[in-house]
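Participant: Here you go, one structure.
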Amino acid sequence: MKGKGQLYRDSKNGKVAGVCAGVAAYFGWEAWLVRIIFISAVLLAGGPFFIMAYIAAWFILDKKPVQNPSFGNMQSSAGKGWQNSESADAVEVKSKVWQSGEPPKQAFHDIVGQFDRLETRLRRMETYVTSAQYQLNREISRL
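Quick look at the structure:
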């Protein structure tokens, strides 16, 4: 189990109140597995106790805070043009069916896409550096 520090309700990914989705995110499991375990516990073990626990968790747990997506910041450096400072987002790949994370095929596809974008960017930079425009800008900067 990998616990992520704080237990929240995840109403964005939840079906009713987000309690099962929050528990799944906390333990690093898939939400469907936690829902099946909860429904099985209600039906087989003691319905009223688990239903009351779910309602209590609904009221006690805070909603998961909204995280801002990390976009690459475009910065202008004096005389150096535009630079894109992209942050490398770690891709968490699941190794077991019940774990949350990105499936390996999707992670591979995402990594290939990142390399394709980097290669395209590198080709544009090479084209600029070998152009006459670059030489002209360099001579003007030296004056």
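Numbering (full-length UniProt numbering), first residue to last: 1 to 143.
We put the CB at the ideal spot given by N, CA and C, even for glycine.
What's the C-alpha gap between S40 and A57?
Facilitator: If I take the Cα positions, the gap works out to 18 Å.
Participant: Is E30 helix, strand or coil when you go by DSSP?
Facilitator: DSSP places E30 in coil when its eight states are reduced to three.
Participant: Taking the Cβ atom as the reference point for each residue, do D10 and A21 lie within a distance shorter than 7 Å?
Facilitator: Yes, the Cβ-Cβ distance between D10 and A21 is below 7 Å.
Participant: Could you tell me the alpha carbon to alpha carbon distance between R138 and R117, rounded to whole angstroms?
Facilitator: Rounded to the nearest angstrom, the two C-alpha atoms are 27 Å apart.
Participant: Among the residues of its own chain, which have a CB less than 7 Å from the CB of Y8, if the five just before and after it don't count?
Facilitator: Excluding positions up to five away in sequence, the list reads G22, L61, D62, K63, K64.
Participant: Can you find the residues in the same chain that come closer than 6 Å, C-beta to C-beta, to Y128, ignoring five residues on each side of it along the sequence?
Facilitator: Excluding sequence neighbours, Y128 sits near Y134.
Participant: Measure the C-alpha to C-alpha separation of R123 and L136 and round it to an integer number of angstroms.
Facilitator: Taking the straight line joining both Cα atoms gives about 20 Å.
Participant: What three-state label does DSSP hand K105 in the structure shown?
Facilitator: K105: helix per DSSP, three-state reduction.
Participant: Q106 to Q114, Cα distance in whole Å?
Facilitator: Each residue's alpha carbon lies about 12 Å from the other.
Participant: Among the residues of its own chain, which have a CB less than 6 Å from the CB of A25, if the five just before and after it don't count?
Facilitator: Only D10 meet the Cβ criterion.
Participant: I need the straight-line Cα distance from K12 to A31, nearest angstrom please.
Facilitator: Approximately 12 Å, taken between the alpha carbons.
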